[in-house]
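See below for the structure under consideration.
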Amino acid sequence: MRIHCKVVVIAVCFGVFLLLYFLGGNAAADDPLREEVVGEEGKEEAAAAAAAAVVVVEDGLSSRSPPEPARVVPAKFRKKKIPAAGGVGARAKEPPGGRKEGRAINTGVYVNAKSKRRNNAARPVARHRRVEEVMHLAVVACGNRLDETLAMVKSALLFSLKRITFHIFAEDSLAPQFEERLKKWPRSISNKFQHRIYPITFSVGNADEWKKLFKPCAAQRLFLPVILKDVDSLLYVDTDVLFLRPMDDIWDLLKSFNGTQLAAMAPEHEVPKIGWYSRFARHPFYGVTGVNSGVMLMNLTRIRSTTFKNSMIPTGLSWEDILHPLYQKYKNHITWGDQDLLNIIFHYNPECLFIFPCQWNYRPDHCMYGSNCKGAEEEGVSILHGNRGVYHDDKQPAFKFPFEDNMFQSLFYPIQTKFLDTVNTLCGRIPQVFLKQIEKTMRKVFEDKVVRHVKPHK
């Protein structure tokens with residue numbers, strides 16, 4: 003009797019369990035929240051199952067019996083996969099004969115090897131390669147300026163970080179010499195730049211007349227926006243310029259231009275009372291002391307698209323159209339050639355010019371009459387401009403810098419030593435102005451190339 007009672011109790015409990023199970027299943031089916039959660043995942047699983055079935059037919063497996071419909075299991079009720087023995091992402095060991103196509107795997111979806119490759123193969127990631135920014139530097143060389151120009155090029159390469167494209171405008175006799183000398187440079191240097199050599203050309207007016215304006219070929223710089231049509235921005239420097247810090251730093255000043263500015267230069271002088279333009283000019287010039295064009299940063303795209311105000315035509319003229327009539331009007335009143343024409347242009351268009359500090363175009367005028375470049379006194383000289391022929395005579399020996407390939411062994415120490423011989427000259431009395439920035443630059447280059455690349459000992 004007791005056994006019968008136990009059987010009855012077990013049967014009743016089992017019946018109650020089944021009743022609760024079916025009632026719970028119906029309630030879950032009617033639960034809109036669960037239906038929404040399951041619905042989205044179910045659609046994805048169903049779509050994958052349908053795609054797998056199509057793949058089976060396409061692979062010529064239609065002779066097999068169709069697979070059973072895949073059971074859709076909500077993510078929250080799925081069992082967690084146990085990682086393989088090899089760690090996360092390790093593949094399960096396959097049978098000796100390899101996995102057979104069409105074999106069902108534990109995802110509940112009937113797939114074959116081909117569909118697995120389609121679904122699980124790593125999709126190629128679209129990598130947007132960052133375009134390397136290249137700086138453009140132009141120089142015009144005529145006469146005996148070959149070595150002087152190469153010294154400028156070398157100084158730009160010694161310190162700069164980005165690649166540089168040099169646009170060298172040279173007389174026909176100098177062009178092959180530039181090619182020959184540049185090809186002899188070591189690969190460690192030549193990998194940092196590329197160069198293009200152009201003939202001396204003038205698009206308007208009399209070429210011989212332009213060539214004789216001030217110094218040989220100096221007027222070529224006025225035509226750079228017209229010739230270099232594929233260049234957006236450019237730094238022009240005279241041949242007698244030396245970089246004492248990375249060119250990247252002055253190149254970054256392009257980002258400081260406002261909406262109307264399209265070129266940047268330094269003032270011709272810091273003190274109006276002793277400035278040349280403020281005392282002797284017989285033509286309009288920019289600002290109070292005028293500007294010096296030995297170092298000129300340009301947004302060529304803006305220059306080509308701007309109409310410039312002037313005293314000749316009320317409607318204004320483009321850059322190319324204004325050059326020749328401007329020269330014809332003022333040729334008997336200008337002394338410094340193309341620089342005077344630039345001063346006249348920006349006198350009537352001052353909103354187009356950005357003025358950078360004197361340390362970016364440091365000249366003998368800044369120390370011959372006493373130190374008058376405050377920026378250089380505080381930060382040191384950034385770009386040294388040896389105008390007045392100081393590289394070719396001994397009037398200001400402080401401006402003569404030896405530039406060799408190994409700047410740590412053959413640049414800084416000779417410069418320090420050389421200044422001991424120039425302390426009795428006007429510019430040699432302030433060696434800290436010349437040495438401060440180059441010392442800072444060399445220290446930074448040393449840290450970037452040597453210190454930071456040395457791995458600490460473990």
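In terms of our numbering, the sequence shown opens at residue 3 and continues consecutively. Ideal Cβ placement from N, Cα and C applies to all residues, glycine included.
Span separating the alpha-carbon of residue i from that of residue j
| i | j | result |
| --- | --- | --- |
| G261 | N363 | 24 Å |
| L437 | R147 | 26 Å |
| V233 | A221 | 19 Å |
| S235 | F180 | 24 Å |
| Y200 | N426 | 43 Å |
| K194 | A158 | 10 Å |
| P188 | I315 | 53 Å |
| K185 | H335 | 43 Å |
| R281 | T317 | 32 Å |
| V447 | R284 | 46 Å |
| D450 | T443 | 11 Å |
| T337 | Q330 | 14 Å |
| D149 | I170 | 13 Å |
| T419 | S192 | 30 Å |
| L319 | M298 | 21 Å |
| R223 | A209 | 13 Å |
| G339 | Y332 | 10 Å |
| T151 | P178 | 14 Å |
| K214 | F421 | 36 Å |
| L302 | L255 | 15 Å |
| T424 | N389 | 18 Å |
| R216 | L343 | For the record, residue 216 in the displayed sequence is Phe; it is not Arg. So the two alpha carbons sit approximately 11 Å from each other. |
| L428 | K231 | 43 Å |
| A266 | S190 | 32 Å |
| H387 | P366 | 8 Å |
| E134 | P433 | 37 Å |
| S384 | T308 | 30 Å |
Same chain, Cβ closer than 8 Å to residue i, neighbours up to 5 away in sequence not counted
| i | result |
| --- | --- |
| I347 | F310, N312, I324 and L328 |
| E381 | Q361, K438 and Q439 |
| M137 | S162, K164, R165, I166, T167, L237, M249, D250 and W253 |
| A461 | The structure shown does not extend to residue 461, since the chain spans only 3 to 460, so no value can be given for it. |
| R183 | L148 and L152 |
| I12 | none |
Residues bridged to residue i [DSSP beta-bridge criterion]
| i | result |
| --- | --- |
| S235 | N301 |
| M370 | G372 |
| F245 | I385 |
| P364 | Looking at the sequence provided, one finds Tyr at residue 364 rather than Pro. Y364 is bridged to L386. |
| V435 | Answer is none; V435 lacks a bridge partner. |
| M267 | I357 |
| A143 | A172 |
| V228 | Paired residues: none, contrary to the question. |
| M137 | I166 |
Sequence-distant residues of the same chain with beta carbon closer than 7 Å to residue i, five excluded per side
| i | result |
| --- | --- |
| W212 | F204 and A221 |
| M154 | V141, V239, T241, V243 and L244 |
| A378 | C360, Q361, Y364, H368 and V435 |
| I276 | Y371 |
| Y288 | N345, F348, H349, P352 and L355 |
| G17 | none |
| P218 | C144 and G145 |
| C375 | E272, C360, Q361, Y364 and H368 |
| E270 | G277, W278, Y279, T291, G292, V293 and N294 |
| E60 | With a pLDDT of 39 at E60, under the threshold of 50, the modelled position of this residue cannot be trusted; read the value that follows with caution. Result list for E60: empty, nothing under 7 Å. |
| F259 | N301 and F356 |
Top-ranked residue by Cα proximity to residue i, from the options
| i | options | result |
| --- | --- | --- |
| V293 | R431, E272 and R183 | E272 |
| I229 | D450, C375 and W321 | W321 |
| G296 | F282, F358, Q196 and N334 | F358 |
| R445 | P227, R247, L386 and P366 | R247 |
| L226 | K420, M300 and T337 | M300 |
| W278 | Q341, F259, L319 and A266 | Q341 |
| Q196 | L139, S384 and I432 | L139 |
| R431 | S373, K214, T151 and K231 | S373 |
| D174 | L386, I202 and S190 | I202 |
Spatial neighbours of residue i in its chain, beta-carbon cut-off 6 Å, leaving aside the 5 residues before and after
| i | result |
| --- | --- |
| G207 | H326 |
| R306 | P227 |
| V290 | P274 |
| A52 | Residue confidence is low: A52 scores 42 on pLDDT, short of 50, so the model does not pin down where it sits. Its coordinate-derived value is still stated next. There are no such residues. |
| R304 | L264 |
| P464 | Given a span of 3 to 460 for the chain in the structure shown, any question on residue 464 remains unanswerable. |
| R198 | H169 |
beta-carbon residue i near the ligand NAD non-hydrogen atom, thresh 8 Å
| i | result |
| --- | --- |
| E150 | Inclusion of the ligand NAD in the displayed structure is not the case, the ligand content being empty and no account of it being possible. |
Query - Minimum length 3: unbroken beta strand (DSSP E) runs contained in the stretch 282-326 - result: The stretch 282-326 is shown to contain whole beta strand (DSSP E) runs of 3 or more residues at 293-301, in chain order.
Report task. Give, in chain order, every unbroken run of the beta strand (DSSP E) that is at least 3 residues long and sits entirely within the stretch 149-216. Result -> Runs found: 165-172 and 195-200.
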